[in-house]
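Protein chains in written order, with my numbering: chain A, 1 to 315; chain B, 316 to 630. Built from N, CA and C at the ideal position, the CB exists for glycine as well. These notes are about the structure you will find just below.
2 protein chains.
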Amino acid sequence: MGKKCIGVDVGGTSVKLGLFEITGELVKKWEIPTRKEEGGKYIINDIADSILHQVLAQENVSFKDIEGVGMGVPGPVMPDGYVEVCVNLGWREKYPAKELSDLLEGLPVKCGNDANVAALGEMWQGGGKGYTDIVMITLGTGVGGGVIIDEQIITGKHGLGGEIGHIHVRDEETEHCNCGGVGCLEQVASATGIAREARRKMAAADTPSVLREAGDQVTAKDVLDAAKTGDILALEVMEVVGHYLGVALASLALTVDPQMFVIGGGVSKAGQYLVEVINRHYAQYMPISENRGTIGLAKLGNDAGIYGAARLVLG
Amino acid sequence: MGKKCIGVDVGGTSVKLGLFEITGELVKKWEIPTRKEEGGKYIINDIADSILHQVLAQENVSFKDIEGVGMGVPGPVMPDGYVEVCVNLGWREKYPAKELSDLLEGLPVKCGNDANVAALGEMWQGGGKGYTDIVMITLGTGVGGGVIIDEQIITGKHGLGGEIGHIHVRDEETEHCNCGGVGCLEQVASATGIAREARRKMAAADTPSVLREAGDQVTAKDVLDAAKTGDILALEVMEVVGHYLGVALASLALTVDPQMFVIGGGVSKAGQYLVEVINRHYAQYMPISENRGTIGLAKLGNDAGIYGAARLVLG
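Laid out in structure tokens, this is it:
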């Protein structure tokens with residue numbers, strides 16, 4: 001029996017866990033509910049109990065077979081493992097990795113930001129497999145990201161590494177982002193942002209469009225589906241989205257110059273069409289060199305977090 | 316006598332060299348002309364000869380006292396040391412580090428891009444001394460940069476790491492940058508860019524200004540000097556420059572999150588005033604956290620290259 005590692009992805013609703021061979025094969029995965037009451041004080045205990053039960057009891061794996069446990073949490077994690085606040089979990093001022101390690105007989109535990117950890121997972125066994133340097137951009141309700149250089153997460157010195165969603169890209173924006181800024185990438189390239197852009201375009205002109213049937217209920221999926229069929233208004237929306245994503249990717253390429261950009265999150269279900277839109281705009285802002293990072297799709301879906309967490313503890 | 320290292324900064328006009336203690340003290344520095352004729356074929360030989368003469372003969376330092384030689388060159392350097400092209404030197408398809416090592420009895424030699432290497436120098440003994448993670452931005456005729464994480468240059472997988480000057484920041488720009496792009500940071504924040512912005516403002520309105528005396532000959536220094544005295548038009552120019560620099564720094568902070576930004580180059584002679592302008596705009600695009608990288612001035616001037624090159628070979 002080979003050595004194992006465990007990946008834990010702590011979300012606001014459920015905690016996903018996975019047992020892996022250190023070579024990257026998923027042995028089993030399972031979930032437990034996230035108990036957020038009383039400042040999330042039960043979460044770490046629940047994770048420890050679940051590991052003891054699901055892995056050590058059920059799988060007949062002993063502590064000495066486990067290299068360690070990695071954990072992704074929804075908030076900034078300082079280089080020393082300190083978590084000042086995780087709004088979605090109710091956590092304040094914690095060292096979650098140390099707490100979990102103490103409950104697991106001192107097993108090595110490492111903790112990282114969930115978006116960064118997902119990027120590491122995609123590098124290890126997903127869309128970026130075979131590469132050492134990738135940037136992942138997750139286009140979901142918000143826009144998250146992770147920068148991986150030499151197989152290591154760029155956490156940053158204040159936990160802000162890979163906070164790609166809040167890069168300012170749009171000077172003419174007037175509404176505020178959740179972060180307090182104006183003109184963030186997230187405001188235009190998230191699922192929410194794409195839908196908003198569609199509502200704006202519908203209000204600004206009379207261009208006929210299938211999107212008008214949905215009206216204010218229009219979704220990012222509606223926009224992408226319509227764009228693929230050639231709907232003019234949807235194509236206009238995607239030109240705006242593609243422009244700002246292309247600008248952001250070029251900016252990242254000229255900063256950390258990865259081998260590959262991995263696009264994930266719900267919006268990435270639009271597949272190769274989305275990659276082509278982004279790539280066209282990205283190329284426009286990279287005239288400096290055709291020898292540059294490529295763009296592709298994420299492959300692990302919601303499992304990226306457990307894969308990356310497991311990889312995190314392998315160093 | 317302590318161990319030594321040698322830093323070489325290969326420029327288009329002259330090659331600067333420095334002998335250092337490995338602890339960072341500069342022992343001596345000197346220059347030789349850059350012989351660019353015949354594809355720059357004499358440059359590496361000249362460097363080797365100069366090291367043999369100035370260091371091994373004159374300083375009575377033997378090969379065993381030297382840890383190695385670092386070299387900064389004006390062009391992209393691949394992770395394996397390959398230089399496809401250095402326009403300013405006439406070089407094509409070379410491994411300059413290997414060539415120099417072969418001429419110096421196999422002494423370890425490392426090669427890096429000059430702007431990246433200067434950033435490493437400022438981290439080691441300059442404005443970023445005491446830090447491990449900095450981003451340097453050099454505001455000169457162009458805009459260069461270097462990203463240092465954990466005391467290592469982020470070279471990037473295609474030699475594009477730290478090419479900060481060509482980050483696209485200005486959507487409404489219409490003129491082309493030297494790189495072929497439109498709206499690059501360099502077009503607005505270089506000395507050339509600041510002067511151009513001043514010419515544009517003078518042409519666009521009748522605002523009285525001391526800058527009108529210089530007319531089309533206005534320089535970045537004129538603009539910064541006038542802005543410090545409260546000249547309205549110069550202040551307007553610096554608001555534009557500060558905006559785009561602030562946006563770029565925030566974008567970098569949300570990607571690699573350094574401890575410090577080090578501002579260098581001729582424009583940085585404007586000192587603390589420039590830092591304050593940039594910082595005000597940077598803060599505006601970083602509402603996500605007040606715990607973030609600070610902004611300060613470079614300290615090594617034209618010696619940053621030899622310091623960084625010497626540091627490069629120390630690993």
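Counting only the Cα atoms, G159(A) lies some 14 Å from P602(B). Residue environment for E591(B): exposed (fewer than 16 other C-beta atoms within 10 angstroms of its C-beta).
Using beta-carbon distances, E478(B) counts as an interface residue toward chain A, with a partner under 8 Å. The beta carbon of E175(A) lies closer than 8 Å to those of V182 and Q187 in the same chain, with the five residues before and after it left out.
Within 10 angstroms of the beta-carbon of S101(A) lie 16 or more other beta-carbons, which makes it buried.
Annotation for L332(B): the continuous beta strand (DSSP E) segment containing it runs S329 to E336. The residue among G144(A), I148(A) and E151(A) with its C-alpha nearest the C-alpha of A191(A) is G144(A). Contact annotation: K4(A) and E105(A) have beta-carbon atoms that are not nearer than 8 Å. Taking each of P573(B), I593(B) and P394(B) in turn and checking the Cα distance to A434(B), the smallest one comes out for P573(B). Secondary structure at Q54(A): helix, using DSSP grouped into helix, strand and coil. Identification of chain A residues near G471(B) by a Cβ-Cβ cut-off of 7 Å yields V256 and D257, ordered along the chain.
Here the C-alpha atom of I359(B) lies approximately 31 Å from the C-alpha atom of I578(B). When DSSP assignments are scanned along the stretch 388–464 of chain B, the uninterrupted stretches of beta strand (DSSP E) that are 3 or more residues long and fall wholly within it turn out to be 398–401, 406–409, 424–428, 449–454 and 458–464. D231(A) is not a Cβ neighbour of K472(B), given a cutoff of 8 Å. In this structure, DSSP gives T34(A) a state outside helix and strand, which the three-state scheme calls coil.
Assigned with DSSP and collapsed to three states, T192(A) falls in helix.
Short of 7 Å from the beta carbon of L334(B), and not among the five residues preceding or following it, lie these beta carbons of its own chain, in chain order: K319, I321, V342, K343, V370 and E374.
Of all residues in the stretch 481–509 of chain B, only H481, I482, H483, D486, C494, G495 and G496 come within less than 7 Å of chain A when Cβ atoms are compared, listed by chain position. Using a Cβ-Cβ cut-off of 8 Å, L160(A) is close to A568, L569, D572, I603, S604 and R607 of chain B, given in chain order. For V556(B), the enclosing alpha helix (DSSP H) begins and ends at I547 to A568. From the listed residues Y273(A), T294(A) and Q272(A), the smallest Cα separation to Y282(A) is found for T294(A).
L297(A) sits in a strand when the DSSP states are folded into three classes. A Cβ-Cβ contact shorter than 8 Å links L312(A) with K110(A). Any Cβ of chain A closer than 8 Å to the Cβ of I464(B) would place that residue at the interface, and such an atom is present. Residues of the stretch 550–568 of chain B with a C-beta atom less than 7 Å from some C-beta of chain A are V562, A565, S566, L567 and A568, listed in chain order. By the criterion of a C-beta distance shorter than 8 Å, S62(A) is surrounded in its chain by L56, once the five residues flanking it on both sides are discounted. Using a Cβ-Cβ cut-off of 8 Å, Y307(A) does not count as an interface residue toward chain B, since no Cβ of chain B sits closer than that to its own. Interface criterion not met: the Cβ of D114(A) is under 8 Å from no Cβ in chain B. Around the CB of A203(A), fewer than 16 other CB atoms lie within 10 Å, so the residue is classed as exposed. The bridge partners DSSP lists for H483(B) are C499(B). From the listed residues A214(A), G161(A) and Y244(A), the smallest Cα separation to R607(B) is found for G161(A). Note on geometry: alpha-carbon atoms of S209(A) and D225(A) lie some 12 Å from one another.
D521(B) and E551(B) have their alpha carbons spaced roughly 13 Å apart.
Residue contact check for D133(A) against chain B: a CB pair falls below 8 Å. For R35(A), same chain residues with a beta-carbon under 7 Å away, outside a window of 5 residues either side, are Y42, I43 and D46 in chain order. Between A430(B) and V169(A), the alpha-carbon positions lie close to 25 Å from each other.
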